[in-house]
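One structure is given below, encoded as structure tokens.
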Amino acid sequence: MKIFLDTANLKSIRKFNDMGLLDGITTNPSLMFKEGGNPKDAMEEITKVIKGDVSLEVVSTEYSGMMEEGKRLRQYGDNVVVKVPMTPDGLKACKSFSSEGIPVNVTLIFSANQALLAAKAGAKYVSPFIGRLDDIGQDGMKLIHEIKDIFSNYNFGTQILVASVRHPVHVVDAAKIGADVVTLPPAVLDKMLLHPLTKIGLDNFLTDWDKLKSVNPDIKI
Ligand code: E4P
0 MKIFLDTANL KSIRKFNDMG LLDGITTNPS LMFKEGGNPK DAMEEITKVI
50 KGDVSLEVVS TEYSGMMEEG KRLRQYGDNV VVKVPMTPDG LKACKSFSSE
100 GIPVNVTLIF SANQALLAAK AGAKYVSPFI GRLDDIGQDG MKLIHEIKDI
150 FSNYNFGTQI LVASVRHPVH VVDAAKIGAD VVTLPPAVLD KMLLHPLTKI
200 GLDNFLTDWD KLKSVNPDIK I
């Protein structure tokens with residue numbers, strides 16, 4: 000399963016990229032707003048630092064505006080995936096971009112039918128927002144199961160990009176289903192790294208090493 004980071008924060012992107020964990024990045028206008036500054040600078044830097052796919056989102060709501068914005072966004076790099084909303088105009092733009100060989104991420108997917116239509120329109124990725132479904136009392140992970148079944152039944156090449164991830168259990172569940180990608184807020188990736196027994200174990204090893212050194216001061220690894 001590929002791991003994308005769901006952020007426009009360069010410090011976090013560099014931190015996890017240096018650990019070799021990142022296959023790509025997803026952003027959206029809210030994430031850009033959260034970082035402040037000029038989003039152009041962020042888009043330029045992110046597309047340079049990350050070799051994998053970087054989703055940059057259009058803000059036009061009608062077809063021709065989406066096409067213009069998508070083409071401008073692609074100037075940041077060949078790794079830019081144009082992110083369009085799951086609307087009739089978004090699907091039309093998805094079809095046009097895909098026909099030109101430009102990869103598209105269809106975002107704001109909340110039903111299996113929406114995912115099916117986005118795949119038919121040629122999307123490289125569909126982004127089902129599982130956390131937002133959980134928030135309204137629905138089962139976000141059930142949607143991932145359904146999309147996985149449908150895409151497998153018909154051998155769609157479209158990848159399932161699990162979005163709106165809230166905690167590490169979402170990641171394990173998505174991996175068990177066989178989702179292609181999860182996009183994670185930095186805080187979730189931080190939590191996945193840690194386990195209290197790892198810390199306790201390491202503290203014990205270092206304490207015992209200090210004890211060994213106190214009787215053999217010259218030893219070194
Ligand atoms: C995905 O591409 C979106 O940017 C993101 O996952 C939305 O998550 P949220 O529901 O936490 O805003």
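Here the sequence shown stands for residues 0 to 220, numbered as in numbering that gives the first Met the number 0.
Where a beta carbon is used, it is the ideal one built from N, C-alpha and C, also for glycine.
field: Expected contact under 8 Å - CB spacing of Thr-46 and Gly-76 to nearest Å
entry: Going by Cβ atoms, the distance from Thr-46 to Gly-76 rounds to 4 Å, so yes, they are a contact pair.
task: Give a yes or no on contact between the segment 43-59 and the segment 78-93, applying the rule of three or more CB pairs nearer than 8 Å.
output: Yes, the segment 43-59 is in contact with the segment 78-93.
- prompt: Which same chain residues, not among the five before or five after Ile-143, have their C-beta less than 7 Å away from its C-beta?
  reply: Pro-127, Ile-129, Ile-159, Val-161, Ala-173, Ile-176 and Ala-178, listed in sequence order.
message: Considering just the uninterrupted stretch of the beta strand (DSSP E) at Ser-110, what are its terminal residues?
response: Ser-110 -> no beta strand (DSSP E), and no H or E assigned at all.
query: What is the C-beta distance between Ile-218 and Lys-212, in whole angstroms, given that I count them as a contact (C-beta under 8 Å)?
result: Under the criterion of beta carbons closer than 8 Å, Ile-218 and Lys-212 qualify as touching, at roughly 6 Å.
field: Whole-number beta carbon distance between Val-57 and Glu-44, since they are thought to touch under 8 Å
entry: About 20 Å; that fails the 8 Å criterion.
- prompt: Can you find a heavy atom of the ligand E4P that lies under 8 Å from the Cβ of Gly-130?
  reply: True, at least one ligand heavy atom lies under 8 Å from that Cβ.
task: Let me know the beta strand (DSSP E) ranges lying completely inside the segment 79-166, each 3 residues or longer, listed in chain order.
output: The qualifying runs are 79-84, 103-108, 124-127 and 158-161.
field: Segment contact, 8 Å Cβ cut-off, at least three pairs: the segment 97-117 with the segment 137-152
entry: Yes, since at least three Cβ pairs between the segment 97-117 and the segment 137-152 fall closer than 8 Å, the two stretches touch.
- request: Give the DSSP-derived three-state secondary structure of Glu-61 in the structure shown.
  value: Coil at Glu-61, not helix or strand.
query: Got a sec, what are the start and stop residues for the alpha helix (DSSP H) Leu-55 sits in?
result: Counting along the chain, Leu-55 falls outside any alpha helix (DSSP H), though it belongs to the beta strand (DSSP E) covering 52-56.
- request: Put Asp-207 into one of helix, strand or coil per three-state DSSP.
  value: In the three-state reduction of the DSSP assignment, Asp-207 falls in the helix class.
task: Measuring alpha carbon to alpha carbon, tell me which of Gly-23, Lys-198 and Val-214 ends up nearest Thr-182.
output: Among Gly-23, Lys-198 and Val-214, the Cα nearest to that of Thr-182 belongs to Gly-23.
query: Which stretch, first to last residue, makes up the beta strand (DSSP E) that contains Lys-1?
result: Run containing Lys-1: 1-5, per the beta strand (DSSP E) assignment.
- request: Indicate whether Phe-155 and Ala-120 have their beta-carbon atoms separated by less than 9 Å.
  value: Not in contact: Phe-155 and Ala-120 (Cβ atoms no closer than 9 Å).
- prompt: Under a Cβ-count criterion, where at least 16 other Cβ atoms within 10 Å of its own Cβ denotes burial, should Arg-71 be classed as buried or exposed?
  reply: Its Cβ having fewer than 16 others within 10 Å, Arg-71 is exposed.
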